[in-house]
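Under my numbering, the first residue of the sequence shown carries the number 7, and numbering increases by one thereafter. Even for Gly, the Cβ is constructed at its ideal location relative to N, Cα and C. Each remark here refers to the structure printed beneath this line.
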Amino acid sequence: MLQALEGSQAVAQAVALCRPQVIAAYPITPQTHIVENISKLVADGKLKCEFISVESEFSAASVVLGAAIAGSRSYTASASQGILLMAEVLYNIAGLRVPIVMTCANRAISSPLSIWNDQQDSMAVRDAGWIQLYCADNQEAVDTTIQAYLIAEQTELPVMVCMDGFTLTHTLEGIDIPTQEQVDSFLPEYKFSRTLDPQNPISIGTLVSPDFYSEARHSHHTAVLNAEAEIIAADQDWEKITGRSSGGLLTVEGSDEAKVAILTIGSVYGTLRAAMEELDLEQPVKLIKLRSFRPFPIDALKTACAGLDDIIVLERAIGLGSGSILGLEVLAAVT
Numbered sequence: 007m008l009q010a011l012e013g014s015q016a017v018a019q020a021v022a023l024c025r026p027q028v029i030a031a032y033p034i035t036p037q038t039h040i041v042e043n044i045s046k047l048v049a050d051g052k053l054k055c056e057f058i059s060v061e062s063e064f065s066a067a068s069v070v071l072g073a074a075i076a077g078s079r080s081y082t083a084s085a086s087q088g089i090l091l092m093a094e095v096l097y098n099i100a101g102l103r104v105p106i107v108m109t110c111a112n113r114a115i116s117s118p119l120s121i122w123n124d125q126q127d128s129m130a131v132r133d134a135g136w137i138q139l140y141c142a143d144n145q146e147a148v149d150t151t152i153q154a155y156l157i158a159e160q161t162e163l164p165v166m167v168c169m170d171g172f173t174l175t176h177t178l179e180g181i182d183i184p185t186q187e188q189v190d191s192f193l194p195e196y197k198f199s200r201t202l203d204p205q206n207p208i209s210i211g212t213l214v215s216p217d218f219y220s221e222a223r224h225s226h227h228t229a230v231l232n233a234e235a236e237i238i239a240a241d242q243d244w245e246k247i248t249g250r251s252s253g254g255l256l257t258v259e260g261s262d263e264a265k266v267a268i269l270t271i272g273s274v275y276g277t278l279r280a281a282m283e284e285l286d287l288e289q290p291v292k293l294i295k296l297r298s299f300r301p302f303p304i305d306a307l308k309t310a311c312a313g314l315d316d317i318i319v320l321e322r323a324i325g326l327g328s329g330s331i332l333g334l335e336v337l338a339a340v341t
């Protein structure tokens, strides 16, 4: 059903439709409205789950880690300094291959203090072993949140759904919220292969020797790369149910004759798309929207950039000392 909703409200409803059993979060601008709306759904009896208010983002990540390993579908959300505070646990969640979904309401990192949008927070943990998917608008944020649970549980990898703070989280859009029946037909019940059970005790995350550690990291790396297929499949399956696609790994728009492309990630895409529709450009230009940053879709990007002379990369995160994060990865992929 089409509704006029703030991005945060829409994401809260999407999370609820996935039937999470444990949610833990600590409020931080601009993520706050997401957890406030989830809390209200729980208080009103519309969402049956354990909502745990914690004293920090570190605790929020720790709670959902324990809950997911114990057999509960779990969710958290954060932004900016909160992402940095929970970074240690984010690495543990990924290293233990626990299928958690979280929302990152992208916001700048201090200092100087800024509550406004950039993507340095999620980029700071880009190599933590999480799948990272970036949303261009609030409809994508809803659809990607639901897809993220299927992707996470199929791959046994955590998924971070990134949406630009304020630009999306606090903006009202017309959003098609799927029905519970649609989500239930798409997302099966939560199952984790290494659930902790007192009747069948196992150990996880134990001390290992350097040779085994290297094997584990390589296996993790391979799993993230192989997640490309699951990301594409989840988007295709969701399109069959709703008629909507978020683009899989990336999307390309524009003339096949174009020799120049603009590549971006996140909500900037919408501005560029509107500009391309309105401006009378002297030469054809392609527009590339990168949805999956981890895994980085090297082969898909090479195909998208075939025949181009120039690629303009617009990004909202600076690599201090190198000048670029996204731009350097694009350069490495296509050369």
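Please go through the same chain and pick out, in chain order, the residues whose beta-carbon is closer than 7 Å to the beta-carbon of residue i, but skip the five residues on each side of it.
i: Leu320; result: Ile268, Thr270, Val274
i: Ala310; result: Leu256, Val258, Ile294
i: Val95; result: Phe64, Ala67, Ser68, Leu71
i: Val41; result: Ala31, Pro33, Ala83
i: Gly180; result: Leu8, Ala10
i: Glu346; result: This structure gives no information on residue 346, because the portion of the chain shown stretches from 7 to 341.
i: Cys55; result: Pro26, Gln27, Val28, Ile29, Val48
i: Ala20; result: Val148, Thr151, Ile152
On the DSSP bridge list, what partners appear for residue i?
i: Tyr196; result: None, per the DSSP bridge assignment.
i: Asn112; result: Asp170
i: Val28; result: Glu56, Ser80
i: Lys295; result: Thr257, Thr270
Which first and last residues belong to the alpha helix (DSSP H) in which residue i is found?
i: Cys311; result: 304 to 311
i: Met166; result: Looking at the DSSP string, Met166 is not in any alpha helix (DSSP H); the run it does join, the beta strand (DSSP E), is 165 to 170.
i: Ile152; result: 144 to 161
i: Gln138; result: Unbroken run through Gln138 is the beta strand (DSSP E), 137 to 140; no alpha helix (DSSP H).
i: Ser5; result: A query on residue 5 cannot be resolved here, the shown segment of the chain reaching from 7 to 341 and no further.
i: Val70; result: 63 to 75
i: Val48; result: 38 to 49
i: Asp124; result: Counting along the chain, Asp124 falls outside any alpha helix (DSSP H), and DSSP gives it neither H nor E.
i: Ala338; result: 332 to 340
Apart from the five residues on each side of it in sequence, which residues of its chain come closer than 6 Å, Cβ to Cβ, to residue i?
i: Trp136; result: Ala100, Pro164, Met166
i: Ala93; result: Val131
i: Gly325; result: Ile331
i: His39; result: Ser14
i: Val107; result: Tyr81, Ala154, Tyr155, Ala158, Val165
i: Glu259; result: Leu293
i: Leu307; result: Ala339
i: Pro301; result: Val230, Leu231, Ala233, Glu234
i: Tyr97; result: Ala134
i: Tyr196; result: Arg79
i: Ile318; result: Ile268
i: Glu245; result: Ser251
Which same chain residues, not among the five before or five after residue i, have their C-beta less than 8 Å away from its C-beta?
i: Glu162; result: Arg103, Val104, Pro105, Phe198, Ser199, Ala229
i: Leu202; result: Ile75, Ala76, Gly77, Ile208, Ile210
i: Glu61; result: Tyr32
i: Ala85; result: Ile34, Thr35, Pro36, Gln37, Cys110, Ala111, Asn112, Arg113, Asp127, Gly171
i: Ser328; result: Leu334
i: Asp243; result: Leu156, Phe192
i: Lys52; result: Ala22
i: Met282; result: Glu259, Gly260, Val291, Leu293
What residue range does the beta strand (DSSP E) around residue i cover?
i: Arg300; result: 298 to 300
i: Leu320; result: 316 to 320
i: Asp182; result: 178 to 182
i: Ala10; result: 8 to 12
- Query: When the Cβ atoms of the segment 144 to 159 are set against those of the segment 111 to 126, are three or more pairs found closer than 8 Å?
  - Reply: no
- Message: If contact is defined by three or more beta carbon pairs under 8 Å, each pair taking one atom from either stretch, is the segment 281 to 298 in contact with the segment 120 to 128?
- Response: no
- Do the segment 69 to 80 and the segment 22 to 32 touch if we need at least three Cβ pairs shorter than 8 Å? yes
- Between the segment 141 to 152 and the segment 179 to 191, are three or more C-beta pairs nearer than 8 Å? yes
- Query: So does the segment 167 to 177 actually touch the segment 209 to 223, counting three or more Cβ pairs closer than 8 Å?
  - Reply: no
- Report the residue ranges of all alpha helix (DSSP H) runs contained in full by the segment 225 to 284; include only those spanning at least 4 residues, in chain order. 274 to 284
- Query: If you scan the segment 84 to 108 from start to end, which runs of the alpha helix (DSSP H) of 4 or more residues do you find wholly inside it?
  - Reply: 87 to 91, 93 to 101
- Item | Meets three-Cβ-pair contact criterion under 8 Å: the segment 244 to 251 and the segment 275 to 284 | Touching, no, given that fewer than three Cβ pairs across the two stretches are closer than 8 Å.
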